[in-house]
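Worksheet: the structure to be examined is printed underneath.
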Amino acid sequence: MTRIVQKYGGSSVATAAHILRVAGLIAERRRLGEEVVASVSAMGDTTDDLTSLAHEVAPHPHPREMDVLLSTGEIVSSALLSMALHDLGVDAVSLSGAQAGIRTDAVHRRARIAEIDAERVERELAAGRVVIVAGFQGVSEASDVTTLGRGASDTTAVALAAALQADACEIYTDVAGIYTADPRICPDARPLLDIGYEEMLEMATTGARVMHARAVELGAVYDVPVRVKSSFDPTLPGTLIHRETSMEQGNKVRGIAHQSHIAKVTVRGVPDRPGIAAYLFEPLADANVSVDTIVQNASVENLTDMTFTVAPEDLEGALRVVQNVLPHIGGSEVVFAPDLGTVSIVGTGMASAPGYAAKMFRTLFDHEININMISTSDIRITCVVESDRVADAVRALHSAFELEREPAIGATQVE
Ligand code: ADP
Ligand code: MG
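Okay, so the sequence shown: first residue is 28 according to the working numbering, each after it adds one.
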């Protein structure tokens, strides 16, 4: 029997009518004789609304309590979807992350799945039920509810697909797959037929929120091919994320990712001696601040500047930590810029060919977009730019690298 694990995102279960439609899709798969496990997100903007509510009662809500609160969003949608299935005559059961055996570490708000004890899910499947799992959550060894980070219902699905040795893993969202850029800001973006794990991971970590980065990582580690599709038009093929990417090798830049809002912190006048970076970044890591791009300037008279970027929600925490360590490392001052964003070009073909960085910088210059910082990996170049120029930058680069063009299969790109 074919076993599938699906995931339905927040917009796909935003209202009762949406939930009924998703129930219809699942019922259809049952009629085809497939075993179905579905991970669901909270309805619409529930997670944001719960977060705002928490901040109304406490400016710095305790992470443990936040996890208890946020986990309820997914519980609501899983119960409703199960009820809707019952009404269609389909036997179904909803399970919280803990009930589904999703064990995590104890890092609240950003927990990682340690293991999945799939015994209960297997038992329900054997009894002929559809299993609806509340996404984005698990349980720590101390029996506390944890959440896996924003957007992590994707990760719940891919982890379940690996643990259950599913035949397929399908992520249903509000767009028809992985596009060459976010279709909301780039009208010329087109859905890709397929993309490799490596490229998708770079896209996801640099802002393509259509897939949670950890889900892509798990897919790669456990070799789970993941198909990303639209729940609004499930007849479209969507995009396959898998090990080999063969169809579109002609185009060396595969996609453009962006982050509309990031913040930059600069520590000025730091003595240029061994250990300074460790002194600065260890306490940031201990405070669970995740740091992205780091740049250390060439030193002048043995003093240097250290600059790094963080998500806007981490800015306050990062500044607190840096102010604390400043006297110990001997820096002169801390400055920050909150209104920045990033734009990245991603593609495995870039690793072996020169000229991509130059073309990217020239394109941004032609559009009078100032580059604040640059970081690269083998298959990615990221520029930090002003927040209000991010969308222009995405569109300009999309057009400069001709991503709107369907590449001929197997063709080589002419520079
Ligand atoms: P869900 O609630 O289904 O998890 P998300 O909002 O998390 O949906 O992710 C889907 C959104 O991701 C799309 O609506 C789109 O605006 C955005 N997105 C960003 N980059 C891309 C991309 N390269 N391809 C497709 N969608 C993208
Ligand atoms: Mg999502």
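Yeah, the Cβ is synthetic: ideal placement off N, Cα and C, and Gly gets one too.
Handout entry: Cα-Cα separation, residue 439 to residue 206
Key = A caution first: residue 439 carries a pLDDT of 37, below 50, which makes its placement in the model unreliable, though a value can still be read off. Going by the C-alpha atoms only, they are around 21 Å apart.
Handout entry: Beta bridge counterpart(s) of residue 51 as assigned by DSSP
Key = Its beta-bridge partners do not exist; DSSP assigns none.
Practice task
Go to residue 181, then tell me how far its alpha helix (DSSP H) extends in each direction, as first and last residue.
Solution key: 180-190
Exercise for the section: Go ahead and label residue 389 buried or exposed: buried means 16 or more other beta carbons lie within 10 angstroms of its beta carbon, across all protein chains shown. Expected result: exposed
Practice task
Give a yes or no on whether 9 Å exceeds the smallest Cβ distance from residue 305 to chain B.
Solution key: The structure shown contains no chain B; it is built from a single protein chain.
Problem - N- and C-terminal bounds of the alpha helix (DSSP H) containing residue 102 - result: 90-114
Practice task
Specify, as a first and last residue, the run of the beta strand (DSSP E) that residue 334 falls within.
Solution key: 330-337
Exercise for the section: May I have the straight-line CA-CA distance separating residue 402 from residue 290, to the nearest angstrom? Expected result: 15 Å
Handout entry: Distance between residue 255 and residue 442 (C-alpha atoms, nearest Å)
Key = Because residue 442 sits at a pLDDT of 33, beneath the cut-off of 50, its placement in the model cannot be relied upon, and the point is left open.
Handout entry: Heavy atom of the ligand MG within 8 Å of residue 285 beta-carbon
Key = no
Handout entry: Residue of 400, 374 and 85 minimising C-alpha distance to residue 425
Key = 374
Exercise for the section: Go to residue 78, then tell me how far its alpha helix (DSSP H) extends in each direction, as first and last residue. Expected result: 73-84
Exercise for the section: Consider the C-beta atom of residue 104 and the heavy atoms of the ligand MG; say whether any pair is separated by less than 8 Å. Expected result: no
Handout entry: residue 302 - partner residues in DSSP beta bridges
Key = Residue 302 is not bridged to any residue.
Handout entry: Alpha-carbon to alpha-carbon, residue 216 and residue 283
Key = 9 Å
Handout entry: residue 279 (DSSP reduced to helix, strand or coil)
Key = coil
Problem - Check whether residue 224 and residue 269 have beta carbons under 9 Å apart - result: yes
Exercise for the section: For residue 362, count neighbouring C-beta atoms within 10 Å of its own C-beta (all shown protein chains included) and say buried if the count is 16 or more, exposed if not. Expected result: exposed
Problem - Contact under 9 Å by Cβ, residue 405 with residue 366 - result: no
Handout entry: Separation of residue 310 from residue 348, as counted between CA atoms
Key = 7 Å
Practice task
Check whether the Cβ of residue 45 lies closer than 8 Å to any heavy atom of the ligand MG, and answer yes or no.
Solution key: no
Problem - Close beta carbons around residue 378, own chain, < 6 Å, minus the five adjacent residues each side - result: 405 and 406
Exercise for the section: Let me know if residue 432 comes out buried or exposed under the rule of 16 or more other beta-carbons within 10 Å of its beta-carbon. Expected result: exposed
Handout entry: Check: residue 209 C-beta below 8 Å from any heavy atom of the ligand ADP
Key = yes
Exercise for the section: Excluding the 5 residues preceding and the 5 following residue 46 in the sequence, name in chain order all residues of the same chain whose CB lies nearer than 6 Å to its CB. Expected result: 40, 107, 108 and 111
Problem - 8 Å contact criterion, which residue 142 and residue 150 should meet: CB distance rounded - result: About 17 Å; that fails the 8 Å criterion.
Problem - Best match in 30, 329, 160 and 202 for proximity to residue 60 [C-alpha to C-alpha] - result: 30
Handout entry: Distance CB(residue 67)-CB(residue 34) smaller than 9 Å
Key = yes
Handout entry: Straight-line gap, residue 436 to residue 428 (C-alpha atoms, nearest Å)
Key = In this predicted model, residue 436 has a pLDDT of only 47, less than 50, meaning its place in the structure is not dependable; the value taken from the coordinates is given anyway. So the alpha carbons of these two residues sit roughly 17 Å apart.
Exercise for the section: At 3 residues or longer, and completely inside the region 311-382: list those beta strand (DSSP E) runs for me, N to C. Expected result: 318-323, 330-337 and 360-373
Problem - Endpoints, alpha helix (DSSP H) assigned at residue 247 - result: 240-249
Practice task
Below 8 Å on the Cβ atoms is my guess for residue 318 versus residue 334; work out the distance and round it to an integer in Å.
Solution key: Incorrect: roughly 10 Å between the Cβ atoms, too far for contact.
Practice task
Would you mind reading off the limits of the beta strand (DSSP E) that contains residue 425?
Solution key: Taken as a continuous stretch (DSSP letters only), residue 425 belongs to no beta strand (DSSP E), being part of the alpha helix (DSSP H) at 417-427.
Practice task
Please classify residue 409: is it buried, with 16 or more other beta-carbons within 10 angstroms of its beta-carbon, or exposed?
Solution key: buried
Exercise for the section: May I have the straight-line CA-CA distance separating residue 419 from residue 288, to the nearest angstrom? Expected result: 14 Å
Practice task
Measure the C-alpha to C-alpha separation of residue 312 and residue 88 and round it to an integer number of angstroms.
Solution key: 20 Å
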